[in-house]
Amino acid sequence: MGPINFDVQQGEILFIVGSNGSGKTTLLKLITGLYPPLKGIIQINSQPVNIAQFNYIFSAVFSDFHLFERLHHSPQIDSTNINKYLQMMSLDQKVSWKENKFSTIKLSSGEKRRLALVIALIEDKPVYIFDEFASDQDPKFTKYFYQTIIQDLKNDNKIVIVVTHDKRYFNCADKVLVLSS
Amino acid sequence: MKIFEFNKEILIILVYIFLSSISSTFLILIINRTIIESSFGKQSFHIILFILTFILLFTFKRLALRKNRIYLENKIATIRAYISDQLIHANLLQIEQLNRIDIYVKMSTDAKKISKASEIMIHISHSVVTIFFCLFYIALISLISFIIISSLISLAIVLKNIHSQSLLSEIDESINSETNLFQIFDHILFGFKELKINEKKNKDLNRQAYLPILEKVEKLRVRVNFNLSMYMTFLESLIFFFLGIVIFVLNMNIHIQIELINIFLFLLPPVYIITSFYPYLNRAIVAIKRLEKLLNDFDKYNYKTGTLEKGLVHVYPIESLSVKDLVFH
Chain A
-10 MGPINFDVQQ
0 GEILFIVGSN
10 GSGKTTLLKL
20 ITGLYPPLKG
30 IIQINSQPVN
40 IAQFNYIFSA
50 VFSDFHLFER
60 LHHSPQIDST
70 NINKYLQMMS
80 LDQKVSWKEN
90 KFSTIKLSSG
100 EKRRLALVIA
110 LIEDKPVYIF
120 DEFASDQDPK
130 FTKYFYQTII
140 QDLKNDNKIV
150 IVVTHDKRYF
160 NCADKVLVLS
170 S
Chain B
1427 MKIFEFNKEI
1437 LIILVYIFLS
1447 SISSTFLILI
1457 INRTIIESSF
1467 GKQSFHIILF
1477 ILTFILLFTF
1487 KRLALRKNRI
1497 YLENKIATIR
1507 AYISDQLIHA
1517 NLLQIEQLNR
1527 IDIYVKMSTD
1537 AKKISKASEI
1547 MIHISHSVVT
1557 IFFCLFYIAL
1567 ISLISFIIIS
1577 SLISLAIVLK
1587 NIHSQSLLSE
1597 IDESINSETN
1607 LFQIFDHILF
1617 GFKELKINEK
1627 KNKDLNRQAY
1637 LPILEKVEKL
1647 RVRVNFNLSM
1657 YMTFLESLIF
1667 FFLGIVIFVL
1677 NMNIHIQIEL
1687 INIFLFLLPP
1697 VYIITSFYPY
1707 LNRAIVAIKR
1717 LEKLLNDFDK
1727 YNYKTGTLEK
1737 GLVHVYPIES
1747 LSVKDLVFH
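These protein sequence lines are chains A and B, in that order. Once you know that position 171 of the first sequence is 160 in our numbering, the rest is easy, because the numbers rise by one and skip nothing. The number in our numbering is simply the position in the second sequence, starting from 1, with 1426 added.
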């Protein structure tokens, strides 16, 4: 896979597109330091870095994400914020935040992914990664994701990287990186 | 990486076992002496000695059990902490290559077997040392009896060594097959949707994978457990074989015969403990080897060289993220 080049600035949305097996998910794992690259460099603020030492900057919802009942990352959790996000993702009727954990994670696959998004938003990191997030969402929420959620993150000066197949929403991106197999 | 290495803690446990075994042998010595010397009016002295020895036996056995339990549980906790530490520090490529079911089995089932063997090891060690002292006692009473019983015990040890080689590999094979069985369970649980809508796939998984492994596990378990039972029966019958020789073959004084029979009655519980706990001990030995292999695998692949080794570097704000000529295979 590669050589791959791209640059994404604060407050920008990058879409990564390509056919199956083109390496979109692998690229996300490289960017987040989960896989070591064979060659090439990753830069933060134009400085070459060992990205594995910077993995705290990412909040990601991978296509094979895992849901934890607790957040496990923040000693101070604002339950008002969590409830706001649960409501935003239409999960407030099914899930609530009780005793420092979600009341349930037994949800449909689409709902689980939305709960993973809630967790990602609570984490409030500089870089957001979404791997085919809208693949199992209904049209209404897919639209909400592309036209509201990631735009809000952009307006909040976050770097947003989205792996997608949704051609209808390519206009929501500032940059599109096409990977060919 | 060795799970168990000889150290001060093990030495202390062994000393406790040794002292409790001496105490239990003394008990039979006191009983025998009391029977023989009852006419000389030394009973009150023997009662005091008996009570004191009994207290010593109870105290040392308790100390050995407690110390061993603490030592072993600490070992298991250390192993589990080591494995999770290795996993946390591994990189994704290494994690993706792991056999997850194998780790689950080793961390749960094998660790439990070792934990269960904790008391067993004490009882077996105590029994072995007690038998050793009883042999010494038999030697003092009747040299010919000592030679016969020593020969029989030597035969049992030789057979055990021959038996252990194949038995341990059979136990290992049986656990590996059970691990494969759990992997099929994993497919059934996680591939439930695919199997439910695809009758052919469902039947094929059942016929080609699940049932053959199930059958293999069943056969291996029967073989392993039967072999263990046979060896235990053999050990038990040795005692009665020897008693038969003492009573019917050797022409001995009635007092010596009674003394020997008393010793053998006393020997029955230790022999019974060894024969009953022998299967658990073997399973624990295999479990220890399997855990050691897992730890050695972690050491071999040096998982700690994964991420976070150099510590996090904090930079704010993150203004841009870029990649240049990134290549990955």
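Glycine is no exception: its CB is placed at the ideal position from the N, C-alpha and C atoms.
When CB distances to chain A are screened at a threshold of 7 Å, the residues of the region 1744 to 1755 of chain B falling below it are 1744, 1745, 1746, 1747, 1748, 1749, 1750, 1751, 1752, 1753, 1754 and 1755, in chain order. At a C-beta separation below 8 Å, residue 1518/B has these neighbours in chain A: 18, 23 and 24. At the C-beta level, residue 1717/B and residue 1538/B stay beyond 8 Å of one another. Beta-bridge pairing by DSSP links residue 1720/B to no other residue. At a C-beta separation below 7 Å, residue -5/A has these neighbours in chain B: 1748 and 1749. If you draw a straight line from the Cα of residue 1559/B to the Cα of residue 1604/B, it is about 41 Å long.
The C-alpha of residue 1524/B lies about 12 Å from the C-alpha of residue 1509/B.
Taking 8 Å as the cut-off, the Cβ atoms of residue 1563/B and residue 1455/B count as close. If you draw a straight line from the Cα of residue 158/A to the Cα of residue 1624/B, it is about 35 Å long.
Residue 1598/B has its alpha-carbon roughly 53 Å from the corresponding atom of residue -4/A. For residue 68/A, the closest Cβ of chain B is not nearer than 8 Å.
Using a C-beta cut-off of 8 Å, the region 1645 to 1658 of chain B makes contact with the region 1698 to 1711 of chain B, since at least three inter-stretch Cβ pairs fall below that distance.
The beta-carbon separation of residue 1486/B and residue 1534/B, rounded to 33 Å, does not stay under the 8 Å limit for a contact. Taking the Cα of residue 30/A as reference, the smallest distance to any Cα among 112/A, 73/A, 89/A and -7/A is reached at -7/A. In this structure, the straight-line span from the alpha carbon of residue 1521/B to that of residue 1513/B is close to 7 Å. For the pair residue 1753/B and residue 1725/B, the Cα-to-Cα distance works out to about 28 Å. When the Cα atoms are used, residue 123/A and residue 134/A turn out to be separated by approximately 7 Å.
For residue 10/A, the closest Cβ of chain B is not nearer than 8 Å. Taking CB atoms only, residue -2/A has a neighbour in chain B less than 8 Å away. The C-beta of residue 1576/B has fewer than 16 other C-beta atoms within 10 Å across all chains shown, which makes the residue exposed. Within chain B, the residues placing a beta-carbon under 9 Å from that of residue 31/A are 1747, 1748, 1749, 1750 and 1752, ordered along the chain. Contact between residue 1610/B and residue 1635/B holds, with the beta-carbon distance rounding to 5 Å and staying under 8 Å. Comparing alpha-carbon positions, the option among 1436/B, 1745/B, 1433/B and 1475/B lying closest to residue 1452/B turns out to be 1475/B. The beta-carbon of residue -9/A is placed less than 8 Å from the nearest beta-carbon of chain B. For residue 73/A, the enclosing alpha helix (DSSP H) starts and ends at 68 to 77.
Excluding residues up to 5 positions away in sequence, 1589 lie with their Cβ nearer than 6 Å to the Cβ of residue 1657/B in the same chain. At a cut-off of 8 Å, the C-beta of residue 35/A has a neighbouring C-beta in chain B. The DSSP-derived three-state label of residue 24/A is coil. Listed in chain order, the non-local C-beta contacts of residue 93/A below 8 Å within the same chain comprise 83 and 84, local neighbours out to five positions each way being set aside. Counting only residues of its own chain and dropping the five nearest sequence neighbours on each side, residue 13/A has a CB closer than 7 Å to the CB of 5, 7, 152 and 168. Boundaries of the beta strand (DSSP E) around residue -4/A: -7 to -2. Using a CB distance below 7 Å, no part of the region 87 to 113 of chain A faces chain B. Taking 8 Å as the cut-off, the Cβ atoms of residue 46/A and residue 1744/B count as close.
When the beta-carbon positions are compared, residue 1556/B and residue 1696/B come within less than 8 Å of each other. Per DSSP, residue 1750/B is one residue of the beta strand (DSSP E) stretching across 1746 to 1753. The residues 168, 169 and 170, in chain order, have a CB closer than 7 Å to that of residue 11/A in the same chain once the five nearest residues on each side in sequence are set aside.
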